[in-house]
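Take a look at the structure set out below.
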DNA sequence: CTGAAAGCGCTTACAG
DNA sequence: CTGAAAGCGCTTACAG
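Protein chains in written order, with my numbering: chain A, 1 to 331; chain B, 1001 to 1331.
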């Protein structure tokens, strides 16, 4: 059951391979009758161009890699972040007639596989997602000479084009809001220290507090709900009188709400809570969550466009999209 | 920044392209000194074989497609099913030195893209996951002549090799258990009617009840927690006196627990609940969930082996793995 | 053990 | 507008 080749189509239609190629690739200059005959032969034979042969001559694959530096259990989890990015990236890429190849690379072995895959010419470009500080991929992929962009500011100083939201600004807005509402002891549940989304939001928090001459109180989480619940417990041990907490993600804020409820605190009466992301679930928590809305999908679409437009001639400036504070009942 | 070719490596090492190819592909019969010289050249140049060129001649890609017939929001959700399958399939495939290409295809457009991708020769075989009754992919992919297997029994009658757990038997065990505990009015929350995991579990439920001369009471869900909560509400409206429910997935059982709690029912005192899957969360519900353990990862590994071993000479028998009832406090 | 040569299935200047 | 021909970067019988 070997698949038919250009040659077979050409023979059937009684034309040369060059002509079949032109028809298949939509070249304008083909006699309408000949085109019709070729299309008929394509149809009858069920011809689909062999991508390997095409790539070999065009030096393109029309595929783009979306590489996520997280393990499956994190990517396929209740965190809607990945779903939103994958969906937005896919739509944008498909409308440009590119195939998306999703790869997870959270271990050195996985990273090596991705590097070989990319170096082997399987894709025309790469989108990096959820980069951690120590990730060797940006440097490794840069060596392939292919265009690479990152969703989220990379921790390393490589000048990798990227898109992100204004993490520092969003965190500032959240903390200012809490201070304006009269909160005096504002803690934070920070994200992983090896990710800029974690460190930038922590920086924004610290900045506003120190400008207001207040002390910081931080516990670390890993962006998951469970880690948020645990961090909240530690914060309450450190300072049982805290009256507000800013969590670096909604999921961690939801975990914090759980802990607060279990320790008998009322929200927002005793402790105000603000999250970050504005995931769908933020509207359905009890009470509904005040949060910093982050345009994840817009950033995704922007970096796809950066990737497709990449012109080695001039360096690409990062795209930073604004966030927006959404005030609900938890603060 | 064009990547180096075999030619360049050969020139640098002072040998023919054939020899470089042999070294790169690990052929035994190469003089150790020459091999060393070639490897040095490969290293110095950072040579990685061009996959398109290699595929063109070998007619292999060493890649396998994992095609999931669900939208991103479902695949990237709190349902651990996909994470478990992706992880198991990846491990098994990687240990056979194959690349996994994950593709979602939940719309006609997506299915068409997958079909073209596979027909274009990008993969050596395909694993189908979460097939729905009307899915055109099995038939379309069969036409490519490539090996195809399914995780889960396909609804259509195509003789597609597949692996699954014993859905009917698992459901039977769950319902028998409820009857043995003295439950008299056993309802069920069934899965989607266009998926065999839904219909087979419903069939097992019905079988046991009618053998015991009891009436069935079913409400449909779509495997998600939300749908389980809603289905439970409908069941209670239909029969406020039911004293047990078998849900076709743990997530739906968890949704049912919510509804039961909200309507003031005690579990298991008033209503016993049994799920299906034994996901991690089943141990942490309140009360811990009795459920039918399903070997999702084992099935995944089995079908990968079926795919890799596929010999067109003889039809492959399905692999059906047993389930196991895990009794906890909800029943 | 090694090399010269054919060929995988396409695209694309180049002629006509 | 169409075709003959070169060539993309590999692998693999076939000689030697």
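Note that beta-carbon positions come from the ideal geometry of N, C-alpha and C, so glycine has one too. Predicted model, so just to flag it, every value in this text is computed and none were measured.
Beta-bridge partners of residue i, as assigned by DSSP
i: residue 1151/B; result: 1129/B, 1163/B
i: residue 291/A; result: 275/A, 326/A
i: residue 1189/B; result: 1219/B, 1247/B
Start-to-end residues for the beta strand (DSSP E) that takes in residue i
i: residue 1245/B; result: 1244-1247
i: residue 321/A; result: 319-321
The alpha helix (DSSP H) enclosing residue i, as first and last residue numbers
i: residue 1208/B; result: 1196-1211
i: residue 227/A; result: 225-238
i: residue 1146/B; result: Where residue 1146/B is concerned, there is no enclosing alpha helix (DSSP H), given that its DSSP letter is neither H nor E.
i: residue 1021/B; result: 1017-1024
i: residue 304/A; result: 296-309
i: residue 1280/B; result: From DSSP, residue 1280/B is part of no alpha helix (DSSP H); its letter is neither H nor E.
i: residue 1012/B; result: 1006-1013
Q: Could I get the ranges of all uninterrupted beta strand (DSSP E) runs contained in the region 39-115 of chain A, with 3 residues as the minimum, in chain order?
A: 63-68, 99-104
Q. Can we say the region 1003-1010 of chain B touches the region 177-192 of chain A, given the rule of at least three CB pairs closer than 8 Å?
A. no
**Q.** Near-chain A residues of the region 1124-1153 of chain B - C-beta to any C-beta below 8 Å
**A.** 1143, 1144, 1145
Q.
Three or more C-beta pairs under 8 Å: does that hold for the region 255-263 of chain A against the region 57-64 of chain A?
A. no
Q) Three or more beta-carbon pairs under 8 Å between the region 1077-1089 of chain B and the region 1107-1114 of chain B, yes or no? A) no
Q. When you check each C-beta in the region 91-105 of chain A against every C-beta of chain B, which residues fall closer than 9 Å?
A. 94, 99, 100, 101, 102, 103, 104
Q.
Pairs of beta-carbons, one from the region 1294-1307 of chain B and one from the region 1150-1166 of chain B, closer than 8 Å: are there three or more?
A. yes
Q) Using 8 Å as the threshold, is the region 1020-1028 of chain B in touch with the region 197-207 of chain A, meaning 3 or more CB pairs across them? A) no
**Q.** Contact the region 1179-1196 of chain B vs the region 1211-1224 of chain B: 3+ CB pairs below 8 Å
**A.** yes
Q. Any residues in the region 1014-1032 of chain B with a beta carbon nearer than 9 Å to a beta carbon of chain A? Which ones, in chain order?
A. none
Q. Okay, do the region 1285-1294 of chain B and the region 1137-1155 of chain B touch, 3+ Cβ pairs below 8 Å being the bar?
A. no
Q. Between the region 1272-1282 of chain B and the region 1291-1304 of chain B, do at least 3 Cβ pairs fall closer than 8 Å?
A. yes
**Q.** Cβ contact check for the region 65-79 of chain A and the region 205-214 of chain A: 3 or more pairs under 8 Å
**A.** no
**Q.** chain B contacts from the region 51-64 of chain A (Cβ-Cβ distance under 7 Å)
**A.** 51, 52, 53, 55, 56
(Q) Count Cβ pairs between the region 1293-1302 of chain B and the region 1233-1243 of chain B that sit closer than 8 Å; are there 3 or more? (A) no
Q.
If the cut-off is 8 Å on Cβ atoms, which residues from the region 250-279 of chain A count as contacting chain B, listed in chain order?
A. none
(Q) Counting beta carbon pairs with one atom in the region 1005-1021 of chain B and one in the region 1030-1041 of chain B, are three or more of them shorter than 8 Å? (A) yes
Q.
To be precise: take each residue of the region 193-206 of chain A, compare its Cβ to all Cβ atoms of chain B, and keep it if any distance is under 9 Å. Which residues remain?
A. none
Q: Quick one: which residues of the region 223-236 of chain A get their C-beta closer than 7 Å to a C-beta of chain B? List them in chain order.
A: none
Q | Interface positions of the region 36-49 of chain A facing chain B (Cβ-Cβ less than 8 Å), listed along the chain | A | 46, 48, 49
(Q) Using a Cβ-Cβ cutoff of 7 Å, what residues of the region 173-195 of chain A are near chain B? List them in chain order. (A) none
(Q) Quick check: the region 1129-1138 of chain B against the region 1163-1172 of chain B, are at least 3 beta-carbon pairs closer than 8 Å? (A) no
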